[in-house]
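Peer 1: Numbered per our numbering, the sequence shown finishes at 109, counting up by one with no gaps.
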Amino acid sequence: MAQPQGISADLAWWRAHRDGADPEAARRVLARLTAWKVQHDEDRARQAGPFFKMVWDGIFGDDDGAVTEAIAEIETALADR
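(1) Candidates 90, 57, 49, 48: which alpha carbon is nearest residue 37's?
(2) Does residue 98 pass the burial test, meaning 16 or more other C-beta atoms within 10 Å, or should it be called exposed?
(3) Reducing DSSP to helix, strand and coil, say where residue 44 ends up.
(4) Would you kindly report the start and end of the unbroken alpha helix (DSSP H) that includes residue 55?
(5) For residue 76 and residue 35, I'd like the C-alpha separation in whole angstroms.
(6) If we ignore side chains and look at the alpha-carbon of each, how far apart do residue 100 and residue 87 end up?
(7) Determine the burial state of residue 83: buried for a count of at least 16 other Cβ atoms within 10 Å of its Cβ, exposed for fewer.
Structure follows, in structure tokens:
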């Protein structure tokens, strides 16, 4: 079976390693999650009108929330080191 890739893998890695994450690995995951968030926000902004933004949020809202939360947690963990 194929290994998960993309934000799913990065979020799973963070959940599994948040208590003792290697700082360099955490920075790499943070960079990928931040890039995903930037692209997500740009793509959402290009949606025409409030209806399509609502549909976008319905499809991607859970991922956006999980990524936003993980970014904040990783930034806090790295700042504490």
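All C-beta atoms, glycine included, are put in the ideal place defined by N, C-alpha and C. If you're wondering where the values come from, they're calculated on a predicted model, not measured in any experiment.
Peer 2: In brief:
(1) Residue 37 has its Cα closest to that of 57, out of 90, 57, 49, 48.
(2) Residue 98 is buried by the Cβ-count criterion.
(3) Helix.
(4) For residue 55, the enclosing alpha helix (DSSP H) covers residues 51-73.
(5) Those two C-alpha atoms are separated by around 25 Å.
(6) Their Cα atoms are separated by approximately 22 Å.
(7) With a threshold of 16 other beta carbon atoms within 10 Å, residue 83 falls short and is exposed.
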